[in-house]
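First the structure, in the form of structure tokens, and then the observations on it.
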Amino acid sequence: MPIQIIRTDITKLNCDAIVNAANNSLLGGGGVDGAIHRAAGPNLLRECRTLHGCETGQAKITGAYKLPCKYVIHTVGPVWRGGQNGEKQLLESCYRESLKLAKKYECESVAFPLISSGVYGYPKDQALKVAMDVCSDFLLKNDMLVNIVIFDKAAYQISEKLFSDIRAYIDDHYVDLHTDSLYERMLREQCSQILEMDECVAEFPKLAMPLADSFQLEDNKPSMAAPMQAQQLAPQMSLDEKLGQIDESFSQMLLRKIDEKGMTDAQCYKKANVDRKLFSKIRSNVHYSPSKTTAIAFAIALELSLEETKEMLMKAGYALSHSNKFDLIIEYFIQSGNYNIFEINEALFMFDQSLLGM
Ligand code: ADP
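If you want it as structure tokens, here you go:
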């Protein structure tokens, strides 16, 4: 199952286990630790006293008392001392050990705060990367829903370079949008006037070409002339005949691409951050209509080019346009050849967009 990044108060989450960023004593502290103890009530502290503390990088489990989840997993993150003192390995160990415990207690869902990223001072972008790397690695071999909880988004940033590159890409392409749409609108208007004429069908090839020339049609610009001509001249087909020629569906294209890329189903849906059950539904229903975020997640998992991504999306009834940030961010990552869905989701999260997968 997949990873979600969510912004909420972890004490409100109704999943099987929530993870506490505790200190070595396990006897409560500030930050998320304080919030968890307050919400769980004094019995949590009572049970914690029986555990005799916890080493940095290790994890211990207790009941959850008044919290809506079933268990609290207490882990102790490293204090940031500049990054050269084994902080990363210790933080990775916190996530690994907590996930191990969650698995041992048969949890289907778990939620982590960004361990060490508060008073312990671990830089938030690096803390998030560690969380994503260890959890996605774990999910390659295990089924669990992992929630990464970002509490104070204002204080959290993806790398500045990535952020400014994406921002620049969005800005550049908004400009393109305006030139494109003017060009396309004028072409559409001219064409519709021509189509109103009675002799349109016979004359269209002659009329369309000078029109296209006047706009200096380039090879990669859409030519309105050819499809319209074909549409106008095609003999009438019955509905049955048309339906008999129905194209490959989204599901069929997905399965074909998985074969072509030499992937297994599991490799594909895990890389897509998509739940196994959802994948089974898509596999077993040739006409399954995925959400746009799921369709794109598969295109990313399959490392499709921009053209192939658009083709796959079209089969699910969607497009990638230059008129919204979400689409532009996806386009940015595909154009940069970065198909890491977790990095894409971090960026989407930063720009307040829906995340891929699920
Ligand atoms: P640490 O001592 O490991 O740094 P903190 O509790 O100070 O632990 O902070 C860890 C992270 O938890 C920080 O990013 C902080 O913003 C976040 N946090 C604090 N309170 C909550 C909460 N109620 N729910 C989720 N995350 C929280």
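Every letter in the sequence shown is one number past the one before it in this note's numbering, and letter 262, counting from 1, is 590. In this text, a Cβ means the ideal position worked out from N, Cα and C, and glycines have one as well. All values derive from a computational prediction rather than experimental measurement.
The C-alpha of phenylalanine 679 lies about 29 Å from the C-alpha of aspartate 361. Within its own chain, the residues whose Cβ lies closer than 7 Å to the Cβ of histidine 365, once the five positions on either side in sequence are excluded, are Gly356, Leu372, Leu373, listed in chain order.
Between leucine 684 and alanine 625, the C-beta gap is smaller than 8 Å, which places the two residues in contact. If you compare the alpha carbons of Leu656, His402, Gly411, Leu634 with that of leucine 427, the shortest gap goes to His402. Annotation: the continuous alpha helix (DSSP H) that includes lysine 457 extends over 452–469. The alpha-carbon separation between glycine 411 and alanine 629 amounts to approximately 32 Å. Per DSSP, the unbroken alpha helix (DSSP H) holding tyrosine 597 starts and ends at 593–599. Lysine 609 and histidine 615 have their C-alpha atoms spaced approximately 10 Å apart. Taking one beta carbon from each stretch, the region 652–660 and the region 425–442 have fewer than 3 pairs nearer than 8 Å; the two do not touch. For alanine 363 and alanine 644, the gap between their C-alpha atoms comes out near 43 Å. Short of 6 Å from the beta carbon of serine 579, and not among the five residues preceding or following it, lie these beta carbons of its own chain, in chain order: Ile610, Val614, Tyr616.
A distance below 8 Å between beta-carbons, with the five flanking residues on each side excluded, links arginine 424 to the following residues of its chain, in chain order: Val462, Phe466. The three-state secondary structure of leucine 473, taken from DSSP, is strand. Alanine 623 and threonine 378 have their C-alpha atoms roughly 49 Å apart. The C-alpha of asparagine 601 lies about 15 Å from the C-alpha of serine 437. A distance of 8 Å or more separates the beta carbons of threonine 637 and serine 682.
The C-beta separation of methionine 460 from isoleucine 331 comes to about 7 Å, placing the pair in contact by the 8 Å criterion.
At the C-beta level, leucine 419 and alanine 455 come within 8 Å of one another. DSSP places isoleucine 610 in the uninterrupted alpha helix (DSSP H) bounded by 604–612. DSSP places isoleucine 333 inside the beta strand (DSSP E), whose first and last residues are 331–334. About 6 Å separates the beta carbon of valine 447 from that of glycine 359, a gap short enough to meet the 8 Å contact definition.
Within the model, the alpha-carbon separation for cysteine 382 versus glutamate 434 is close to 22 Å. Here lysine 585 is buried. Its C-beta has 16 or more other C-beta atoms within 10 Å. Sequence-distant Cβ neighbours of alanine 387 in its own chain, meaning closer than 7 Å and more than five residues away, are Ile401, His402, Thr403, Cys422, Glu425, Ser426, Leu429. Straight across, the Cα-Cα distance linking arginine 409 with serine 649 is about 45 Å. With respect to the 8 Å criterion, alanine 368 and leucine 341 are not classified as neighbours on the basis of their beta carbons.
Proline 406: not part of any beta strand (DSSP E); DSSP gives it neither H nor E. Relative to ligand 1, the beta carbon of tyrosine 423 is positioned no closer than 7 Å to any heavy atom. Rounded to whole angstroms, the separation of the alpha carbons of glycine 449 and tyrosine 667 is 30 Å. In the DSSP assignment, glycine 362 falls within the alpha helix (DSSP H) that extends over 359–368. As the crow flies, the alpha-carbon of threonine 592 is around 14 Å from that of glutamate 631.
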